Structure formats: structure tokens, C-alpha cells
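**Student:**
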Amino acid sequence: MQNQLNKFKIDTPITLYLDNKEPKRSSKQNSYYWVYLTEIECETGNSKEDLHSLFKGKFLSNGFAECFGEKVRKVKSTTKLTKGEFVEFIYNIEVFTGITAPDTKNYGL
Numbered sequence: 001m002q003n004q005l006n007k008f009k010i011d012t013p014i015t016l017y018l019d020n021k022e023p024k025r026s027s028k029q030n031s032y033y034w035v036y037l038t039e040i041e042c043e044t045g046n047s048k049e050d051l052h053s054l055f056k057g058k059f060l061s062n063g064f065a066e067c068f069g070e071k072v073r074k075v076k077s078t079t080k081l082t083k084g085e086f087v088e089f090i091y092n093i094e095v096f097t098g099i100t101a102p103d104t105k106n107y108g109l
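In full-length UniProt numbering, the protein residues as written are 1 to 109.
In C-alpha cells, the structure reads:
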């Protein structure tokens, strides 16, 4: 950041925008998640798609909306999670299922 600031002349007004955005979850994290879902599928007999729906509803639900007079659960997409939120999501699944997630080292994480 200092290199960027050095480009400006002293006493010249500048506008600085700060943003605290965390990077979105990576494609490697997503691939890892689906490997983990496959392991859970093998142990439980539930399909990966059903497990994905369950976990999103259980851990990524953020209130309700009303459409045509019906309450609809608002669920955050896993693609919108930050890397940190995604780690927490996996942890919550581990605690809920009692099934340990694979070692992240094997997936470049």
C-alpha cells in the first residue's frame, strides 16, 4: 500500500476507499465440499443433493421472505460465502453429522 501512496504528490488531495471484503470461497473449497458430501452420502445413504439442501437450510438460513402470501425461507448460496464462512460451514456439518471432514492438505487448501 505504501508504494501506491508514494505515487501521489505531497499536499495533493486524494480520496482513499477502504474495503474489508473477504475473498469468496474458492473452487478448491467447493470441490473439497463435494468430496466430503460423497463421504457423508456413503455413510448415511442420503444423496449428496439432499445433504446439500439440508446443510444449506440448517446452517445458511437467514430469515424468511413472503411471496404470494407464503413464507419462504431465505438461504444463502454457498457460492456467496467467504472463505472463512465456508470453513465454518464445513465445521458445522462435522459437528452435526459426527463425520470428520477429509484432511484439507490433500486438496490444496
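Glycine included, every Cβ here is placed at the ideal spot set by N, Cα and C. The structure displayed is predicted, hence computed values, not measured ones.
#1: List the DSSP bridge partners of residue 73.
#2: Going by DSSP, name the residue or residues bridged to residue 82.
#3: May I ask you to report which of helix, strand or coil DSSP gives residue 51?
#4: For residue 51, which residues from the same chain have a beta carbon less than 6 Å from its beta carbon, with the 5 sequence-adjacent residues on both sides left out?
#5: Roughly how many angstroms separate the alpha carbons of residue 57 and residue 103, rounded to a whole number?
#6: When you compare only the Cα positions, how much space is there between residue 44 and residue 97?
#7: So what does DSSP say about residue 96, is it helix, strand or coil?
#8: When you compare each of 100, 77, 95 to residue 25 by their alpha carbons, which one comes out closest?
**Tutor:** This is what the structure gives:
#1: Partner(s): 64.
#2: 24
#3: Reduced to three states, the DSSP call for residue 51 is helix.
#4: 37, 40
#5: 25 Å
#6: Roughly 10 Å between the two C-alpha positions.
#7: In the structure shown, residue 96 sits in a helix (DSSP, three-state: H, G or I).
#8: 77
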